[in-house]
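Engineer:
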Amino acid sequence: MSLDSPTALTLDGTGLRVGIVAARFNQRFVDGLIENAVAVLLAAGVEPDAITSIRVPGSGELPSGVQMLLDAEPLDVCIALGVIIKGGTLHDQLVAEAAQEGLMRISLDTKTPIIAGVVTANDLDQAEQRCLGEINRGAEFAQGAIEMAALKTQLSS
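Here the working numbering is used: the first residue of the sequence shown is 1, the next is one more, and so on.
1. Leaving aside the five residues before and after Leu-124 along the sequence, list all residues of the same chain whose C-beta is less than 6 Å from its C-beta, in chain order.
2. What three-state label does DSSP hand Ile-135 in the structure shown?
3. So what's Ser-53 in DSSP terms, helix, strand or just coil?
4. Going by alpha carbons, who is nearest to Gly-15 out of Gly-45, Asn-36 and Val-40?
5. Would you decide whether Thr-112 is buried or exposed? Buried here means 16 or more other CB atoms lie within 10 Å of its CB.
6. Flag this pair as touching only if the region 92-101 and the region 128-142 have three or more C-beta atom pairs under 8 Å; answer yes or no.
7. When you compare the CB positions of Val-118 and Asn-26, do they come within less than 8 Å of one another, or not?
8. Sort out for me which residues DSSP pairs Ser-41 with in a bridge.
9. Leaving aside the five residues before and after Glu-61 along the sequence, list all residues of the same chain whose C-beta is less than 8 Å from its C-beta, in chain order.
10. Specify the secondary structure class of Gly-82 as computed by DSSP and reduced to three states.
11. Of the choices Val-95, Thr-52, Met-68 and Asp-49, whose alpha-carbon is the least far from that of Gly-58?
12. Would you grab the beta carbon distance between Arg-78 and Ile-114 for me? Rounded to a whole angstrom, and I think it's under 8 Å.
13. In or out: Gly-32 buried (at least 16 other Cβ within 10 Å) or exposed?
14. Candidates Gln-154, Leu-151, Glu-147 and Thr-120: which alpha carbon is nearest Leu-9's?
15. When the Cα atoms are used, what is the spatial distance from Ala-127 to Val-40?
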């Protein structure tokens with residue numbers, strides 16, 4: 001597990017419209033990601049009413065949820081949040097790869113930054129460390145969202 005996060009930037013989320021699409025599967029862990037992400041967005045100046053959140057059943061449904069949300073309203077950036085815990089089969093890998101590929105395709109097709117905030121873990125302890133413990137992946141995903149939205153604005157002006 002990497003503890004080497006990108007160097008912190010001064011983040012300004014003023015005026016951003018942010019979507020959060022979160023899986024209900026492994027909800028306790030995903031709720032931790034949401035809480036940490038929203039705290040960073042608000043601290044960076046994103047208005048509470050400029051954050052639209054929806055839930056989907058699991059991480060496999062994140063791409064569809066993101067696509068539906070982007071079709072429903074204009075957003076500057078979207079954060080997809082899910083937690084996949086390894087099981088006894090390859091199902092976890094298939095879901096993680098499909099979610100990642102789907103989110104990337106939608107991002108490229110719509111030219112909207114989408115943060116693929118899908119945490120994969122070998123066990124419950126790893127999931128807890130990354131979502132509820134000292135490793136604050138939800139905050140990192142929100143920081144990445146603000147940075148990518150700012151980059152898009154900078155390059156389009």
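Don't be surprised by glycine CBs; every beta carbon is placed ideally from N, CA and C.
Structural biologist: In this structure, then:
1. none
2. coil
3. strand
4. Gly-45
5. buried
6. no
7. no
8. A small fix is needed here, since residue 41 is Leu in this sequence, not Ser. DSSP lists no partner for Leu-41.
9. Ala-23
10. strand
11. Val-95
12. Here residue 78 turns out to be Cys, not Arg, going by the sequence shown. Between Ile-114 and Cys-78 the Cβ distance is about 5 Å, and since that is below 8 Å, they are a contact.
13. buried
14. Glu-147
15. 20 Å
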